[in-house]
Amino acid sequence: MSQVLALPTRKSEDWRYADLAALERLWPLPEAESVVVPAGGHFARAIVQAADGVTRLSLALGKGASAAVHVLNAGGGYGRVEIEATLHEGADFTLGAVQLGGGSDTLEVVATVNHVEPGATSRQLVRSVLAGQATGTCLGRIAVARHAVGTDAEQSVRAMLLDRTATANARPELEIFADDVKCAHGCAVGELDAMGLFYLQSRGLTPPEAKKLMLQAFVAEAFGGAEDEERLQALALERLGELV
Amino acid sequence: MLQITDLHAEVAGKPILKGLSLTVNAGEVHAIMGPNGAGKSTLGYTLGGRPGYAVTGGSVTFLGQDLLALEPHERAAAGLFLGFQYPVEIPGVSNVQFLREALNAQRKQRGQEPLSGGEFLKLAKEKAALLRLDMDMLKRPVNVGFSGGEKKRAEMVQMGILDPAFAVLDETDSGLDIDALRICGEGINAIMRQPGKAVLLITHYQRLLDYVKPDFVHVLAGGRIVRTGGPELALELEEHGYEAVAA
Numbered sequence: 007m008s009q010v011l012a013l014p015t016r017k018s019e020d021w022r023y024a025d026l027a028a029l030e031r032l033w034p035l036p037e038a039e040s041v042v043v044p045a046g047g048h049f050a051r052a053i054v055q056a057a058d059g060v061t062r063l064s065l066a067l068g069k070g071a072s073a074a075v076h077v078l079n080a081g082g083g084y085g086r087v088e089i090e091a092t093l094h095e096g097a098d099f100t101l102g103a104v105q106l107g108g109g110s111d112t113l114e115v116v117a118t119v120n121h122v123e124p125g126a127t128s129r130q131l132v133r134s135v136l137a138g139q140a141t142g143t144c145l146g147r148i149a150v151a152r153h154a155v156g157t158d159a160e161q162s163v164r165a166m167l168l169d170r171t172a173t174a175n176a177r178p179e180l181e182i183f184a185d186d187v188k189c190a191h192g193c194a195v196g197e198l199d200a201m202g203l204f205y206l207q208s209r210g211l212t213p214p215e216a217k218k219l220m221l222q223a224f225v226a227e228a229f230g231g232a233e234d235e236e237r238l239q240a241l242a243l244e245r246l247g248e249l250v
Numbered sequence: 200m201l202q203i204t205d206l207h208a209e210v211a212g213k214p215i216l217k218g219l220s221l222t223v224n225a226g227e228v229h230a231i232m233g234p235n236g237a238g239k240s241t242l243g244y245t246l247g248g249r250p251g252y253a254v255t256g257g258s259v260t261f262l263g264q265d266l267l268a269l270e271p272h273e274r275a276a277a278g279l280f281l282g283f284q285y286p287v288e289i290p291g292v293s294n295v296q297f298l299r300e301a302l303n304a305q306r307k308q309r310g311q312e313p314l315s316g317g318e319f320l321k322l323a324k325e326k327a328a329l330l331r332l333d334m335d336m337l338k339r340p341v342n343v344g345f346s347g348g349e350k351k352r353a354e355m356v357q358m359g360i361l362d363p364a365f366a367v368l369d370e371t372d373s374g375l376d377i378d379a380l381r382i383c384g385e386g387i388n389a390i391m392r393q394p395g396k397a398v399l400l401i402t403h404y405q406r407l408l409d410y411v412k413p414d415f416v417h418v419l420a421g422g423r424i425v426r427t428g429g430p431e432l433a434l435e436l437e438e439h440g441y442e443a444v445a446a
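Heads up: the sequence lines are chains A and B, in that order. Converting from the first sequence to the working numbering requires adding 6 to each position, the first position being numbered 1. Converting from the second sequence to the working numbering requires adding 199 to each position, the first position being numbered 1.
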């Protein structure tokens, strides 16, 4: 993760959607926490960010190591979570992130996955629910080095807008220098299905209960396999209750 | 129980129901038949309160309340159930979770205590068995990957669990094979042929009425009820077609 020396401007692609006023208050940014996962080792981390702040984590995964990072970026102003993972031979990395914003929250997940050696696998799953004037951004980068054959990388970014005034940005970036790799990415921005909501309400759920049930299902996928999945789900559910 | 008086409704600015009147008393089964585009589904959705179905005139009284003043979830809690012609798929939400939340939401609105997980599962198993739907299906996401027949049977399981006073069943018979038709018909009888309950069956065909015998058959055409009769009217329609009978 590169050192950010000067306060960024909108001209910088990586900071284009940031809340620059909040960033100025938070300046200077903390150094990224750097974690080396030794060969064959496993690392798990849950990051819950519910107030102004920038969290930066940089992982290096040794041969055959695995890491799972789960993020709940739950609003409360400007929240940015930067994750960088560098994967050596046969390493496996999972990122599951949920952003839940309302009011004038600006939420960002910035993920960079570097496949530097052969046979590593990675999955990124980012789900955002945005209400009010909130902005949710996902910048997801997958870089595959020239000799990193057999790479299997996947990225899925989806956002649900609860109000027409909310904004979702998704910028997937794939930089592939090797042959014989699998890199899949998809992104979608949508609204809750009106017919589905009516169906749930026709069975007795109030409009907020119906929305909450559909959104709970929407974000649940991102926390699948997390060590403290239940706690993350409960926190997300609480926040969803405030947004609907 | 249900009194519809001179109901006018439109969809996207287009008038569909044009002065429909109908009274259904407790203990009765009414069938509404009619050609495509007559307004049958619009009647169902208007009674259920689907957004976009605008009532422009008339009134609907349900168990002494102004039904049209209620939100869809309030109509459900008041005892109305709408069986969908095309049950909606809700990915990621299991039937069991959805139905328990729905039932308890209704109970809460009625000032009743919620059912516990154990009590709910017992009820769900009983109703699934009635419709011969595997309990494993109820653990899967709502209607996702269900066949047409499974969706309709799942609708009837929902009806059994929610135990409404009045059911509007919109083409519950469409997409059913012969066995599933009989199972659904028997399910409707078991759940709804009870004192104090009533059913409005919306259908194209006579075949469901072989299992669920109606007390009254109405022909809906051009947004109004143009003819009312007993069960024999359905047979007459089957033989001669809507055009001859409704003319």
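We treat Cβ as the ideally placed atom computed from N, Cα and C, and that holds for glycine. All values derive from a computational prediction rather than experimental measurement.
Rounded to whole angstroms, what's the CA-CA distance from residue i to residue j? Just pull it up for me.
i, j, result
"Ala57/A", "Arg152/A", "40 Å"
"Phe204/A", "Leu198/A", "11 Å"
"Asp98/A", "Pro214/A", "38 Å"
"Val416/B", "Met334/B", "35 Å"
"Asp265/B", "Glu325/B", "33 Å"
"Leu238/A", "Asp20/A", "27 Å"
"Gln311/B", "Ala304/B", "10 Å"
"Gly82/A", "Arg51/A", "21 Å"
"Gly374/B", "Ala353/B", "13 Å"
"Gly202/A", "Ala137/A", "19 Å"
"Ala80/A", "Arg22/A", "20 Å"
"Asp362/B", "Ala74/A", "45 Å"
"Asp169/A", "His272/B", "22 Å"
Between which residues of its own chain and residue i is the CB-CB distance below 8 Å, once the five residues before and five after are set aside?
i, result
"Phe224/A", "Arg133, Val135, Arg164, Met166"
"Trp33/A", "Leu13"
"Asn224/B", "Met200, Ala397"
"Pro340/B", "Glu288, Ile289, Pro290, Gly291, Val292, Ser293, Asn294"
Check whether the Cβ of residue i lies closer than 9 Å to any Cβ atom in chain B.
i, result
"Gln222/A", "yes"
"Phe204/A", "yes"
"Leu211/A", "yes"
"Asp199/A", "yes"
"Glu251/A", "Lying before the first or after the last residue shown, residue 251/A is absent from chain A, which here runs from 7 to 250."
"Ser208/A", "yes"
"Ala216/A", "yes"
CB-CB under 6 Å to residue i, same chain, minus the five flanking residues each way: which ones, in chain order?
i, result
"Ala149/A", "Asn120, Glu181"
"Leu5/A", "Because chain A spans 7 through 250 in this model, residue 5/A falls outside it and cannot be assessed."
"Val187/A", "Val150, Thr157"
"Glu227/B", "Ala397, Asp414"
"Ala433/B", "Gln405, Leu408, Val416"
"Leu26/A", "none"
"Glu437/B", "Gln405"
"Thr204/B", "Ser220, Gly257, Ser258"
"Ala379/B", "Gly348"
"Glu257/A", "The structure shown does not extend to residue 257/A, since chain A spans only 7 to 250, so no value can be given for it."
I'd like to know whether the C-beta of residue i is nearer than 9 Å to at least one C-beta of chain A.
i, result
"Pro430/B", "no"
"His272/B", "yes"
"Leu221/B", "no"
"Pro286/B", "yes"
"Gly283/B", "Looking at the sequence provided, one finds Phe at residue 283/B rather than Gly. Phe283/B counts as touching chain A."
"Gly248/B", "yes"
"Glu442/B", "no"
"Gln264/B", "no"
"Ala276/B", "yes"
"Pro340/B", "yes"
"Gln305/B", "yes"
"Phe449/B", "Examination of residue 449/B is not possible in this model, given that chain B is present from 200 through 446 alone."
Would a C-beta distance cut-off of 9 Å place residue i and residue j closer than the cut-off?
i, j, result
"Gly183/B", "Leu206/B", "The first residue shown for chain B is 200 and the last is 446, placing residue 183/B beyond what the model contains."
"Thr171/A", "Arg129/A", "no"
"Ala126/A", "His94/A", "yes"
"Ile401/B", "Ala230/B", "yes"
"Thr143/A", "Asn175/A", "yes"
"Val42/A", "Leu65/A", "yes"
"Arg177/A", "Leu145/A", "yes"
"Gly85/A", "Thr112/A", "yes"
"Leu35/A", "Ile53/A", "no"
"Ser72/A", "Gly108/A", "no"
Among residues of its own chain, excluding the 5 on either side of residue i, which ones have a beta-carbon nearer than 7 Å to its beta-carbon?
i, result
"Tyr404/B", "Asp372"
"Tyr252/B", "Ala208, Val210, Thr241, Tyr244, Thr245"
"Arg274/B", "Gly247, Gly248, Leu266"
"Glu435/B", "Val444"
Name, please, each residue of chain E whose Cβ falls closer than 8 Å to the Cβ of residue i.
i, result
"Pro290/B", "Protein chains A and B are contained in the structure displayed, whereas chain E is not."
Going by the C-beta, is residue i closer than 8 Å to any heavy atom of the ligand GTP?
i, result
"Ser18/A", "This structure lacks the ligand GTP, and indeed carries no ligand of any kind."
Specify whether the stretch 383 to 390 of chain B and the stretch 424 to 434 of chain B touch according to this definition: at least 3 beta carbon pairs, one from each stretch, less than 8 Å apart. The stretch 383 to 390 of chain B, when compared against the stretch 424 to 434 of chain B, does not touch it at the 8 Å Cβ threshold.
Is the stretch 240 to 256 of chain B close to the stretch 325 to 343 of chain B, with three or more CB pairs under 8 Å? A contact between stretches requires three or more CB pairs, one per stretch, nearer than 8 Å, and the stretch 240 to 256 of chain B fails this requirement with the stretch 325 to 343 of chain B.
Are the stretch 342 to 360 of chain B and the stretch 274 to 283 of chain B touching by the rule of at least three beta carbon pairs closer than 8 Å? The stretch 342 to 360 of chain B vs the stretch 274 to 283 of chain B: in contact.
Measuring CB atoms only, is the stretch 307 to 320 of chain B touching the stretch 343 to 352 of chain B, in the sense that at least three cross pairs come out at less than 8 Å? No, the stretch 307 to 320 of chain B is not in contact with the stretch 343 to 352 of chain B.
Pair every Cβ in the stretch 230 to 247 of chain A with every Cβ in the stretch 297 to 317 of chain B, then say whether three or more of these pairs are closer than 8 Å. Output reads no: the stretch 297 to 317 of chain B does not touch the stretch 230 to 247 of chain A.
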